[in-house]
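Data block below; observations after.
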Amino acid sequence: MKRIGILTSGGDAPGMNAAIRAVTRKAIHSGLEVYGINYGYAGLVAGDIFKMDESSVGDKIQRGGTFLYSARYPEFAKEEGQLKGIEQLNKFGIEALVVIGGDGSYHGALRLTEHGYNAVGLPGTIDNDIPYTDFTIGFDTSVNTVVEAADRIRDTAASHERTFIIEVMGREAGDIALWSGVAAGAEDVIVPEHDFDVKEIADRLRSSRQRGQKHAIIILAEGVMHADELAEQLSQYGDFYLRHTVLGHVVRGGSPTARDRVLASEMGAYAVDLLMQGKGGLAIGIENGKITSHDMLDLFDSKHHAQMSLYQLGQDLSF
Ligand code: F6P
C-alpha cells in the first residue's frame with residue numbers, strides 16, 4: 003500500500019483536526035502518501051480530493067471543527083454512491099482510508115472495506131454515543147464547554163435566586179449531560195437513559211428552596227425534550243423563577259482540550275498502523291485507558307452505554 007485517504011464525516015467535533023494531523027504525519031513518516039478528502043463522503047463522490055504533505059496539517063492541532071469540512075451524505079448508504087466514490091479512489095490511486103466520524107460514517111467505511119478498500123474508523127463526535135469506546139474525540143471538550151457555561155449561568159442564577167434549565171446536545175445519549183452535571187454540581191440532570199418525574203423534580207426544588215438554596219441548575223439532555231417544554235411542565239407545579247438556555251452548537255465548537263488532542267493523536271497513529279498491517283473494517287476505541295479496535299459489524303450489533311453511576315452520584319451530591 004502506498005497511498006491513503008482521510009475524511010471527516012457527520013457532525014464536526016473538536017479534536018478532528020488533531021486526528022487528521024496524526025494520521026497524516028504518521029503515514030508520511032511511515033513512507034505513505036496521504037490525500038485529504040473534503041466534505042466527507044460527498045467530497046469523495048465529487049472527487050474533491052487533494053494531496054497533503056506534512057505542512058498541510060501544521061497549525062491545526064489547536065483548532066476546533068475540521069479543516070477538511072464535513073457533511074452528512076445519506077446517499078453513500080446506496081451502492082450507486084459507493085461505486086461513484088470507488089471510481090474516485092481509483093482515479094487518485096487511493097488504496098485505503100481513515101474515516102473520522104460517528105457511527106453513520108462507519109457504515110460507509112465498512113462498505114468500502116467490503117469493496118476491497120480497507121477503511122478504519124475513528125470515533126469523532128461530541129455525543130460519546132459509539133459502542134466499544136469509553137470516550138469519543140470531542141466529548142471531553144464539549145463537557146468542558148458545558149461546565150464553563152453552567153458556571154457562568156450559576157452566577158446569575160444565584161444572584162436572582164432563579165432556576166435555570168440548560169439544554170445540551172448529545173442526540174439520543176445523555177453522556178454530555180451526565181458528565182457536565184457532576185462537574186458543574188447541577189441540582190438535577192435529566193437524560194434519556196433514566197426515568198424522571200416532573201412533579202418529583204418540582205418537589206425537590208421546593209424543598210431545597212425551603213432549606214435555603216434558592217437557585218438551581220438543571221441540565222437537560224436534548225434527547226429527552228426541549229428546555230422550553232420542561233420549563234412549561236415544571237411551572238405547573240409552582241413558581242421556581244425559571245429561565246432556560248439552549249447551548250446548542252456552542253457545545254460543538256472551540257479549541258480541543260489536551261485530553262481530546264492526545265486521544266485523537268493516539269487513535270490517528272493507531273489507525274495508520276492497522277492500515278499498514280492490511281486491516282480494514284475496524285473501529286478504533288479507548289477502553290480502560292488502552293487504544294483498541296473492534297470489527298465494525300460488532301459495533302452495529304451493540305449499543306453504547308452511558309456511565310449511569312454518574313447519575314446517582316449527581317443525585318447523592320446535590321443540595
Ligand atoms: O452528533 C452531533 C450533534 O451535534 C448532536 O449532538 C446533535 O443532535 C446533532 O449533531 C445536530 O446536528 P446538526 O448540526 O446537523 O443540526
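Read in order, the letters of the sequence shown correspond to residues 3 to 321 in this note's numbering.
The beta carbon of each residue, even a glycine, is placed where N, CA and C say it ideally should be.
{"Asked": "Using DSSP with H/G/I as helix, E/B as strand and the rest coil, what is D50?", "Found": "coil"}
{"Asked": "Let's see if you can read the secondary structure: which residues bound the alpha helix (DSSP H) around K93?", "Found": "81-94"}
{"Asked": "In three-state terms, what does DSSP make of G205?", "Found": "The sequence shown places Asp at residue 205, rather than the Gly named in the question. Residue state, collapsed to three classes: helix."}
{"Asked": "Give the straight-line distance between the Cα atoms of V200 and A308, rounded to the nearest whole angstrom.", "Found": "22 angstroms"}
{"Asked": "Taking a contact to mean a Cβ-Cβ separation below 8 angstroms, would you say G17 touches I139 in this structure?", "Found": "yes"}
{"Asked": "List the endpoints of the continuous beta strand (DSSP E) containing V170.", "Found": "165-170"}
{"Asked": "Residues around ligand 1, please: the condition is that the C-beta lies closer than 7 angstroms to some non-hydrogen atom of it.", "Found": "G12, G13, R74, G104, T127, I128, D129, M171, G172, R173, E224, H251, R254"}
{"Asked": "Counting pairs of Cβ atoms below 8 angstroms between the region 70-82 and the region 132-147, do you hit three or more?", "Found": "no"}
{"Asked": "Relative to the C-alpha of L249, which candidate in F242, D241, I220 has its C-alpha closest?", "Found": "I220"}
{"Asked": "Let me make sure I understand the geometry here. Which of G225, E268, A98, G13 has the alpha-carbon closest to that of H251?", "Found": "G13"}
{"Asked": "Leaving out five residues on either side along the sequence, give the residues of the same chain with a beta carbon under 7 angstroms from the beta carbon of V149.", "Found": "S182, A185, A186"}
{"Asked": "Relative to the C-alpha of Y37, which candidate in F52, A204, L207 has its C-alpha closest?", "Found": "F52"}
{"Asked": "How long is the line joining the alpha carbons of E195 and N120, rounded to whole angstroms?", "Found": "35 angstroms"}
{"Asked": "Determine which residues share a DSSP beta bridge with G103 and list them.", "Found": "P125"}
{"Asked": "Thinking just about the alpha-carbon of each residue, which of S32, H162, R263, E97 is nearest to the one in G126?", "Found": "R263"}
{"Asked": "Across which residues does DSSP place G38 in a beta bridge pair?", "Found": "I8, F52"}
{"Asked": "Compute the distance between the beta-carbons of I128 and R254, then report whether it is under 8 angstroms.", "Found": "yes"}
{"Asked": "Measure from the alpha carbon of G110 to the alpha carbon of each residue in V47, G60, R154, then state which is nearest.", "Found": "V47"}
{"Asked": "Closest by CA to L222, which one among D55, M171, D241?", "Found": "M171"}
{"Asked": "Between I63 and the rest of its own chain, which residues show a CB-CB distance below 7 angstroms, the 5 nearest in sequence each way excluded?", "Found": "N19, A20, R23, R263"}
{"Asked": "Pick helix, strand or coil for A179, following the three-state DSSP scheme.", "Found": "helix"}
{"Asked": "Determine whether the beta carbon atoms of A285 and V100 lie at a separation below 8 angstroms.", "Found": "no"}
{"Asked": "Between which two residues does the beta strand (DSSP E) harbouring L284 extend?", "Found": "284-289"}
{"Asked": "Compute the Euclidean distance between the alpha carbons of G106 and T115, then round it to the nearest angstrom.", "Found": "15 angstroms"}
{"Asked": "Put A111 into one of helix, strand or coil per three-state DSSP.", "Found": "helix"}
{"Asked": "Assuming E189 and F321 are in contact, meaning their beta carbons sit under 8 angstroms apart, how far apart are those beta carbons, in whole angstroms?", "Found": "6 angstroms"}
{"Asked": "Determine the extent of the alpha helix (DSSP H) in which D157 is found, giving its start and end residues.", "Found": "141-162"}
{"Asked": "Just to check my reading of the structure: G42 and S11 have Cβ atoms closer than 8 angstroms, yes? What is that Cβ distance to the nearest angstrom?", "Found": "3 angstroms"}
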